[in-house]
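Residue numbers (the numbering used here), protein chains in the order written: chain A, 1 to 246; chain B, 247 to 566. Taking it in order: structure first as structure tokens, then the write-up.
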Amino acid sequence: MKILVCVSKTPDTTSKIAFTDGNSKFDESGVQWIINPYDEWYSLVRAIELKEKDPATVVHLVTVGGADVEPIIRKALALGGDEAIRINTDGSDPYFIASQIAAIAKDGYDLVFTGKETIDYNGSSIGGMVAELIDAPYISLATKFELNGNTATVSREIEGGEEVAELALPAVVSCQKGVAEQRIPNMRGIMAARTKPLKVVEPVAVDALTTVVSFELPPAKAGVKLVSPDNVGELVRLLHEEAKAI
Amino acid sequence: MSVLIFVDQSEGHIKKASYEVLTYGAKLAEQLGTVAEALVLGSVSDDLTALGKYGVKKVHQVNNDTLNHLDAQVYAKVIAEAVTASGANVLVFSHNHTGKAVAARVAVRLKAGLVAGACALPDTTNGFVVKKTVFSGKAFANVSITSAIKIISLNPNSYTTIAGEGSAEVNQLSVAVDASKVKVTAVNKVSGEIPLTEAEIVVSGGRGLKGPENWGILLNLAKELGAATACSRPVGDAHWRPHHEHVGQTGVQVAPNLYIAIGISGAIQHLAGVNRSKVIVVINKDPEAPFFKAADYGIVGDAFEVVPKLTEEIKKMKAK
């Protein structure tokens with residue numbers, strides 16, 4: 001069993017979001033970078049669990065980015081996984097990024113895991129695109145993933161509930177809460193990660209189909225209107241007449 | 247040239263989010279000086295001609311039993327063929343569960359640029375630039391699509407649905423449908439509840455409610471408002487409420503018209519799941535709770551006193 005886990009670098013949830021260069025670039029000053037939580041907590045940990053059950057399983061991590069991504073990928077390797085692949089390019093277009101990952105995923109992987117989305121771009125697109133590029137089934141928003149030989153049983157979120165499905169590998173699965181529980185790397189893992197192979201490969205030539213022109217921040221909230229707890233009727237009036245929300 | 251709108255259905259009924267994308271797609275077609283058409287897969291019991299009310303002249307249907315269950319691989323091929331058959335150059339999805347599963351695959355098949363998570367009509371004065379939410383609702387990106395065919399998936403509840411007059415012609419499309427490689431073995435729907443992601447109003451509780459036995463006041467309020475119920479992460483983790491109610495960065499992201507947070511401090515991870523809500527009401531006894539900074543209306547007070555009063559006041563208002 002060969003598993004490929006897609007890992008992305010994102011700003012920490014608590015980062016201040018600001019832009020530079022005439023609002024065309026994300027302001028990275030003072031930003032704490034983390035592994036995209038969905039990639040780390042759910043898809044990576046689930047892959048590691050599958051390897052713990054069956055030691056013959058091989059877990060590779062793949063990321064798209066410049067050399068500045070390496071501390072993050074080492075952090076991911078500290079949790080587990082045999083080796084990492086960094087595709088030496090950058091971009092925002094999901095088709096471009098997915099094409100880079102698909103070029104690796106084609107190389108005999110039975111299973112490709114992604115997080116349900118990245119917390120910076122929120123596109124939820126890479127998994128589906130990789131699946132189409134390698135012509136594999138795709139289960140999005142998985143909340144549970146079990147493996148029995150070459151057959152996967154996956155629960156996925158649907159509106160107002162969940163659906164359970166069976167499919168034969170290879171497949172691409174996007175993972176969210178429920179698939180696994182967050183882990184914290186231990187000292188042994190951190191030491192081991194330093195010497196795990198981190199391959200750098202050059203990108204394949206693909207045209208981007210979209211480009212980010214600019215960023216903008218939402219208008220500031222007007223500020224909270226406080227209502228006295230002794231005058232709850234006033235809140236109802238405001239919600240009905242002013243906000244037209246009820 | 248036309249705008250094709252993917253209409254999502256479940257068990258034969260058209261989903262609420264579809265009416266929103268129909269309105270959006272029709273408006274976009276008007277902006278581009280072209281026509282809007284709809285595409286629906288599988289068998290539908292709702293009246294498809296009624297989709298005309300939302301501005302589409304024609305509804306293409308591919309009626310095949312395989313399509314009654316979502317398989318992204320099967321759907322993508324059918325949708326891509328329908329785009330080609332109808333000659334559409336813009337395809338619109340809702341960025342709901344189905345859209346997230348399918349739009350990306352269709353984009354690859356058609357080599358079409360995709361903006362997933364759009365929140366406004368594109369700016370077509372110079373090119374085709376779509377505004378989308380990024381950084382979990384903390385900012386927007388304006389993204390230019392440069393391919394010939396363009397795909398947009400619209401964040402649910404970000405465009406106002408308008409129903410007018412009109413009737414659409416239904417056209418049966420004959421498209422080859424592959425056998426699904428995914429076998430659905432169970433569908434577990436939480437019956438009698440309003441799906442969180444489709445709810446207009448969400449009432450959400452946090453640790454301030456002190457224990458699962460105290461949820462009655464929140465459930466009464468939700469019932470009175472016809473609202474879905476949600477909770478913060480600690481509440482889900484402590485199993486006071488089912489996991490699927492957890493709203494936040496790592497849980498469900500919601501964008502209702504009204505979000506009422508009761509006894510939730512408003513950690514940044516929670517806000518990331520709710521900050522696209524149109525109106526936020528916070529009820530918390532701690533005036534320093536960070537949630538008040540993100541709120542439109544607030545009451546600093548004891549939830550156990552305020553919430554039952556609120557339910558009563560809403561009853562009174564409705565009686566008028």
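Ideal Cβ positions, reconstructed from N, Cα and C, are used throughout, including at glycine. Computed from a prediction, not measured in an experiment: that's the story for all the values here.
Q. Which residues bound the alpha helix (DSSP H) around K144/A?
A. Here residue 144/A refers to the residue found at position 144 when the first sequence is read from its first residue. Counting along the chain, K144/A falls outside any alpha helix (DSSP H), though it belongs to the beta strand (DSSP E) covering 138–148.
Q.
Is there a Cβ of chain A sitting closer than 8 Å to that of G462/B, yes or no?
A. The count along the second sequence starts at 1 and reaches residue 462/B at position 216. Answer no: the Cβ-Cβ gap between G462/B and chain A never drops below 8 Å.
Q. Would you call the segment 193–206 of chain A and the segment 352–363 of chain B touching, i.e. three or more CB-CB distances under 8 Å?
A. No contact exists between the segment 193–206 of chain A and the segment 352–363 of chain B.
Q | H306/B versus A318/B: straight-line alpha-carbon distance, rounded | A | Position 60 of the second sequence, counted from the first residue, corresponds to residue 306/B. Position 72 of the second sequence, counted from the first residue, corresponds to residue 318/B. Each residue's Cα considered, the two are about 19 Å apart.
Q) Mind pulling the chain A residues with CB within less than 7 Å of V559/B? A) For this step, residue 559/B is matched to residue 313 along the second sequence. For the sequence presented, residue 559/B should be read as Glu rather than Val. V232, G233, V236, listed in chain order.
Q. Excluding sequence positions up to five away, which residues of its chain have a Cβ less than 6 Å from the Cβ of V290/B?
A. Here residue 290/B refers to the residue found at position 44 of the second sequence. The answer, listed in chain order, is Q255, G258.
Q: Under 6 Å Cβ to Cβ from V164/A, same chain only, skipping five residues before and after it: list those, please.
A: Residue numbering aside, residue 164/A sits at position 164 when the first sequence is read from its first letter. S155.
Q.
My assumption, with CB atoms under 8 Å, is that D82/A sits in contact with K221/A. Please give the rounded CB distance.
A. Locating residue 82/A in the first sequence gives position 82, counting from the first residue. Locating residue 221/A in the first sequence gives position 221, counting from the first residue. About 47 Å; that fails the 8 Å criterion.
Q: Locate the alpha helix (DSSP H) running through Q418/B, then write down its first and last residues.
A: In the second sequence, the residue the question calls residue 418/B occupies position 172. Not the alpha helix (DSSP H): Q418/B falls in the beta strand (DSSP E), residues 415–418.
Q: Under the assumption that N375/B contacts V352/B (Cβ atoms under 8 Å), give the Cβ distance between them as a whole number of angstroms.
A: The residue you call residue 375/B lines up with position 129 of the second sequence. The residue you call residue 352/B lines up with position 106 of the second sequence. Note on residue identity: the sequence assigns Val, not Asn, to residue 375/B. At roughly 21 Å, the Cβ-Cβ gap does not stay under 8 Å, so V375/B and V352/B are not in contact.
(Q) As a quick exercise: from G128/A, K106/A, A105/A, pick the residue whose alpha carbon is nearest that of K282/A. (A) Since the first residue of chain A shown is 1 and the last is 246, residue 282/A is not available in this structure.
Q) Which partner residues does A541/B have in the DSSP bridge list? A) Reading the second sequence from its first residue, position 295 is the one you call residue 541/B. None; A541/B has no bridge partner.
Q: Only counting runs of 3 or more residues, tell me where the beta strand (DSSP E) segments fall wholly within the segment 412–461 of chain B, in order along the chain.
A: Those beta strand (DSSP E) runs which fall completely within the segment 412–461 of chain B and span 3+ residues are 415–418, 428–435, 447–451.
Q.
Here's the rule I'm using: 16 or more other beta-carbon atoms within 10 Å means buried, otherwise exposed. How should H343/B be labelled?
A. Stepping through the second sequence from its first residue, residue 343/B is reached at position 97. When all chains shown are included, H343/B counts as buried.
Q. Since A476/B sits in a beta bridge, which residues does DSSP pair it with?
A. Here residue 476/B refers to the residue found at position 230 of the second sequence. For A476/B, DSSP records a beta bridge to S450/B.
Q.
With three or more beta-carbon pairs closer than 8 Å as the criterion, would you say the segment 182–193 of chain A touches the segment 141–157 of chain A?
A. Between the segment 182–193 of chain A and the segment 141–157 of chain A, the count of C-beta pairs closer than 8 Å stays below three; the two stretches do not touch.
Q.
From the DSSP secondary-structure annotation, give me the bridge partner or partners of W41/A.
A. Sequence index remark: in the first sequence, residue 41/A carries index 41 (1-based). Note: W41/A sits in no beta bridge, so no partner.
Q.
Distance check for V224/A and L141/A, CA to CA, integer angstroms please.
A. Residue 141/A sits at position 141 when you count from the first residue of the first sequence. Residue 224/A sits at position 224 when you count from the first residue of the first sequence. Their backbone Cα atoms lie some 34 Å apart in a straight line.
Q. Between R183/A and A78/A, what straight-line distance do the alpha-carbon atoms span, to the nearest angstrom?
A. The residue given as residue 183/A occupies position 183 in the first sequence. The residue given as residue 78/A occupies position 78 in the first sequence. Distance between the alpha carbons of R183/A and A78/A: 11 Å.
Q: Please list the segments of the alpha helix (DSSP H) lying wholly inside the segment 470–518 of chain B, counting only runs of 4 or more residues, in order along the chain.
A: Runs of the alpha helix (DSSP H) inside the segment 470–518 of chain B: 479–483.
(Q) Taking beta-carbon pairs under 8 Å, can you tell me which members of the segment 387–404 of chain B lie near chain A? (A) Those would be A387, N388, V389, S390, I391, T392, S393, in chain order.
Q: Note down, in chain order, each residue of its chain lying with its Cβ closer than 7 Å to the Cβ of I73/A, except the 5 sequence neighbours on either side.
A: Residue 73/A sits at position 73 when you count from the first residue of the first sequence. V7, L61, T63, A84, R86, L198, listed in sequence order.
Q: Let me know if K378/B comes out buried or exposed under the rule of 16 or more other beta-carbons within 10 Å of its beta-carbon.
A: Translated into positions along the second sequence, residue 378/B becomes position 132. It is buried - the Cβ of K378/B has at least 16 other Cβ atoms within 10 Å.
(Q) Using 8 Å as the threshold, is the C-beta distance between A366/B and S125/A below it? (A) Sequence index remark: in the second sequence, residue 366/B carries index 120 (1-based). Sequence index remark: in the first sequence, residue 125/A carries index 125 (1-based). No Cβ-Cβ contact shorter than 8 Å links A366/B with S125/A.
(Q) Given this structure, state the Cα-to-Cα distance separating I408/B from K273/B, to the nearest angstrom. (A) Position 162 of the second sequence, counting from 1, holds the residue named residue 408/B. Position 27 of the second sequence, counting from 1, holds the residue named residue 273/B. Rounded to the nearest angstrom, the two C-alpha atoms are 10 Å apart.
Q) If the cut is a Cβ gap below 8 Å, which residues of chain A does E439/B touch? A) Taking the second sequence and counting its residues from 1, the one referred to as residue 439/B is at position 193. Going along chain A in sequence order, the residues near E439/B (Cβ under 8 Å) are G160.
Q. Along chain A, in chain order, which residues have C-beta atoms closer than 8 Å to that of S256/B?
A. One-based indexing of the second sequence puts residue 256/B at position 10. Within chain A, the residues near S256/B are I158, E159.
Q. Hey, quick one: how far does the alpha helix (DSSP H) through T257/A stretch, first residue to last?
A. Any property of residue 257/A remains undetermined from this structure, which presents chain A solely from 1 to 246.
Q | When S437/B, E415/B, G412/B, S413/B are compared against G161/A, the one with the closest alpha-carbon | A | To locate residue 161/A, count along the first sequence from 1; it is residue 161. Nearest of S437/B, E415/B, G412/B, S413/B to G161/A, Cα basis: S437/B.
(Q) I'd like the list of long-range same chain contacts for K524/B, defined as Cβ closer than 6 Å, with 5 residues on each side in sequence excluded. (A) Numbered from 1 along the second sequence, position 278 holds the residue referred to as residue 524/B. For K524/B, the CB contacts under 6 Å within the same chain, skipping 5 residues up- and downstream, are N503 in chain order.
Q: Anything in chain B within Cβ reach of I17/A, meaning under 7 Å, just list it in chain order.
A: Along the first sequence, read from residue 1 onward, the residue named residue 17/A stands at position 17. F381, K384, A385, listed in chain order.
Q | Neighbour-count burial assignment, L217/A, 16 or more Cβ in a 10 Å radius | A | By one-based count along the first sequence, residue 217/A stands at place 217. Exposed.
Q) Given that N122/A touches chain B, what residues does it touch there, using C-beta distances under 7 Å? A) Mapped onto the first sequence, residue 122/A falls at position 122. Result: G363, T379, V380, S382.
Q) Can E444/B and K262/B be called in contact, C-beta distance under 8 Å? A) Looking up residue 444/B in the second sequence gives position 198. Looking up residue 262/B in the second sequence gives position 16. It is a contact, given that the beta carbons lie within the stated cut-off.
Q.
In the DSSP output, what is L174/A paired with across the bridge?
A. Within the first sequence, the letter at position 174 stands for residue 174/A. In the sequence on display, residue 174/A carries Ser and not Leu. DSSP output for S174/A lists T114/A as bridge partner(s).
Q | Cβ neighbours of V481/B in the same chain (closer than 7 Å, five flanking residues each side left out) | A | Against the second sequence, residue 481/B aligns to sequence position 235. Same-chain partners within the cutoff: G451, G452, R453, R487.
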